[in-house]
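In order, the protein sequence lines correspond to chains A and B.
According to full-length UniProt numbering, the first sequence is numbered sequentially starting from 1.
According to full-length UniProt numbering, the second sequence is numbered sequentially starting from 1.
Beta carbons: idealized from backbone N, C-alpha and C, even for Gly.
Please read the structure below before turning to the comments.
2 protein chains.
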Amino acid sequence: MEDRIERIKKLLHTAGYKLTPQREATVRVLLEHEEDHLSAEDVYLLVKEKSPEIGLATVYRTLELLTELKIVDKINFGDGVSRYDLRQEGATHFHHHLVCIECGSVAEIQEDLLEEVEAIVERDWKFKIKDHRLTFHGICYRCQQKDKQEE
Amino acid sequence: MEDRIERIKKLLHTAGYKLTPQREATVRVLLEHEEDHLSAEDVYLLVKEKSPEIGLATVYRTLELLTELKIVDKINFGDGVSRYDLRQEGATHFHHHLVCIECGSVAEIQEDLLEEVEAIVERDWKFKIKDHRLTFHGICYRCQQKDKQEE
DNA sequence: GTTGGTGCAAACAGTTTGCAAGGAA
DNA sequence: TTCCTTGCAAACTGTTTGCACCAAC
């Protein structure tokens with residue numbers, strides 16, 4: 001945790017920014033909720049619990065900054081809010097998501113899975129891929145079981 | 001074109017809706033711009049050229065309706081606006097997109113490409129896939145050529 | 001007459017911005 | 001001092017909603 005913050009601090013410094021208390025508080029919330037996919041509002045409320053003086057705009061600005069530095073990824077599952085997801089350290093590619101259309105849960109897939117597909121796209125469409133977004137919409141295991149019981 | 005409208009009319013009727021003049025005008029705009037990825041505002045302005053009395057809310061309501069009936073797909077490239085994309089007739093899966101980070105152009109890939117990946121996800125994550133969203137961000141062929149010249 | 005659909009304006013939600021003030025180098 | 005950064009409120013943007021009115025059956 002602490003070493004992770006330290007490395008993020010370095011990344012900020014290299015880019016000419018400081019790790020202010022507000023930024024640190026925001027990063028800590030993201031680290032503590034790595035599994036979740038928090039919206040800016042979610043992050044704001046969580047940060048506020050420990051640093052009540054923080055403003056929503058600061059959270060937005062911090063998240064934007066972190067996105068720019070590729071420390072977090074901004075995602076959009078089509079529900080009108082942006083969500084922020086900490087990148088795995090050293091990850092070159094963005095991970096994928098499984099969104100359950102029944103319960104709304106979001107699971108992550110860290111495996112690449114797209115290597116072959118990307119090779120095909122780069123070759124056949126002559127498109128130089130820099131990043132990707134892959135989301136599957138469907139029914140998670142838990143909801144499948146629940147649905148089966150109800151039948 | 002006309003037969004395509006006719007089939008959409010049937011789809012609406014089956015679901016208990018009418019193809020009003022406003023809805024037809026909206027569908028026509030979508031058909032005439034199948035290659036593009038229009039936002040609701042874009043659609044509104046284009047419909048307005050031929051049916052100046054139409055209201056923005058009606059366009060939104062129509063697009064929502066068409067999305068619900070899976071005649072169009074609502075997509076989001078992360079720029080804050082929803083875009084609407086006519087589904088290929090008979091398509092079971094949503095097509096993929098190549099978004100150029102230099103010129104902003106969006107190309108479509110109709111090929112599935114994900115069959116294998118989906119089989120793996122369904123097997124290993126026990127997730128029942130219903131739909132997917134795959135977007136590659138990178139540099140299109142045209143911009144690659146342009147960049148090369150400028151070097 | 002009932003029902004569904006429309007246009008308008010107002011409301012809303014998420015996000016961004018202007019600005020005066022605070023704080024570190 | 002100078003330059004970032006912050007908190008607040010206001011502004012903005014895209015989208016949704018309430019409501020009176022209209023049209024079709």
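When DSSP labels each residue in this structure, what does ALA106(A) get in the three-state scheme? Along the first sequence, read from residue 1 onward, the residue named residue 106(A) stands at position 106. Note that residue 106(A) is Val in the sequence shown here, rather than Ala. Here VAL106(A) sits in strand by DSSP.
CB of ILE129(A) within 8 Å of CB of GLY138(B), strictly: Against the first sequence, residue 129(A) aligns to sequence position 129. Against the second sequence, residue 138(B) aligns to sequence position 138. It is a contact, given that the beta carbons lie within the stated cut-off.
Could you pull the DSSP bridge partners for LEU134(A) from this structure? Start at 1 with the first residue of the first sequence, and residue 134(A) comes out as number 134. LEU134(A) pairs with LEU134(B).
Determine the DSSP secondary structure at LYS18(B), reduced to helix, strand or coil. Here residue 18(B) is taken as the residue at index 18 of the second sequence, counted from 1. Three-state result, LYS18(B): coil.
In the region 115-148 of chain B, which residues sit with their C-beta less than 7 Å from some C-beta in chain A, listed in chain order? VAL117, ILE120, VAL121, TRP125, LYS126, PHE127, LYS128, ILE129, LYS130, ASP131, HIS132, ARG133, LEU134, THR135, PHE136, HIS137, GLY138, ILE139, CYS140, TYR141, GLN144
Output needed in chain order: residues of the region 62-83 of chain B with a Cβ under 9 Å from some Cβ in chain A. Within the region 62-83 of chain B, the residues whose Cβ lies closer than 9 Å to some Cβ of chain A are LYS74, ILE75, ASN76, PHE77, GLY78, GLY80, SER82, listed in chain order.
Nearest neighbour of GLU24(B), chosen from ASP79(B), TYR44(B), GLU108(B) [CA to CA]: Residue numbering aside, residue 24(B) sits at position 24 when the second sequence is read from its first letter. Out of ASP79(B), TYR44(B), GLU108(B), TYR44(B) has the C-alpha closest to the C-alpha of GLU24(B).
Would a check of beta-carbon distances place ALA91(B) closer than 8 Å to chain A? To locate residue 91(B), count along the second sequence from 1; it is residue 91. Chain A contact via Cβ: absent.
Output the distance between the C-alpha atoms of LEU66(B) and CYS140(A), rounded to the nearest integer angstrom. Translated into the one-based positions of the second sequence, residue 66(B) becomes position 66. Translated into the one-based positions of the first sequence, residue 140(A) becomes position 140. Their backbone Cα atoms lie some 26 Å apart in a straight line.
Burial state of ASP3(B), where buried means 16 or more other Cβ atoms lie within 10 Å: Against the second sequence, residue 3(B) aligns to sequence position 3. Exposed: under 16 other Cβ atoms inside 10 Å.
Is the CB-CB distance between HIS96(B) and PHE136(A) below 8 Å? The residue given as residue 96(B) occupies position 96 in the second sequence. The residue given as residue 136(A) occupies position 136 in the first sequence. No, the pair does not count as a contact, with Cβ atoms beyond the cut-off.
Selected residue, minimal CA-CA separation from HIS37(A), among TYR60(A), PRO21(A), ASP73(A): Numbered from its first residue, the first sequence carries residue 37(A) at position 37. In terms of CA proximity to HIS37(A), ASP73(A) leads the group TYR60(A), PRO21(A), ASP73(A).
Taking the runs of the alpha helix (DSSP H) that are 4 residues or longer, which of them lie wholly in the region 28-77 of chain B? 40-50, 56-68
Name the chain A residues whose beta carbon is nearer than 8 Å to that of ALA107(B)? Locating residue 107(B) in the second sequence gives position 107, counting from the first residue. The answer, in chain order, is TRP125, PHE127.
Classify THR14(B): buried if its beta carbon has 16 or more other beta carbons within 10 angstroms, exposed otherwise. For the purposes of this step, residue 14(B) is taken as the residue at position 14 of the second sequence. Exposed.
Going by DSSP, which residues form a beta bridge with HIS96(A)? As a first step, residue 96(A) must be located in the first sequence, where it is residue number 96. In the DSSP output, where bridge partners are listed per residue, HIS96(A) has ILE109(A).
Cutoff 8 Å: LEU56(A) Cβ touching any chain B Cβ: Here residue 56(A) corresponds to residue number 56 of the first sequence, with the count starting at 1. By this cut-off, LEU56(A) is not an interface position.
Between the region 26-40 of chain B and the region 69-83 of chain B, do three or more beta carbon pairs fall short of 8 Å? Cβ pair count under 8 Å is three or more, so yes.
Reducing DSSP to helix, strand and coil, say where LEU114(B) ends up. For this step, residue 114(B) is matched to residue 114 along the second sequence. Reduced to three states, the DSSP call for LEU114(B) is coil.
Ignore the nearest five residues each way along the sequence and tell me which others in LEU30(A)'s own chain have a CB closer than 6 Å to its CB. Looking up residue 30(A) in the first sequence gives position 30. Excluding residues within five positions, the ones whose Cβ falls inside 6 Å are LEU86.
So for LYS10(A), helix, strand or coil by DSSP? Here residue 10(A) corresponds to residue number 10 of the first sequence, with the count starting at 1. In the structure shown, the three-state DSSP call for LYS10(A) is helix.
Where the alpha helix (DSSP H) through ARG142(B) begins and ends: As a working mapping, residue 142(B) is identified with position 142 in the second sequence. First-last of the alpha helix (DSSP H) with ARG142(B): 141-150.
Can the beta-carbon of THR113(A) be found less than 8 Å from the beta-carbon of VAL117(B)? By one-based count along the first sequence, residue 113(A) stands at place 113. By one-based count along the second sequence, residue 117(B) stands at place 117. Looking at the sequence itself, residue 113(A) is Leu, so the reference to Thr does not match. If you check the CB distance, LEU113(A) and VAL117(B) come in under 8 Å.
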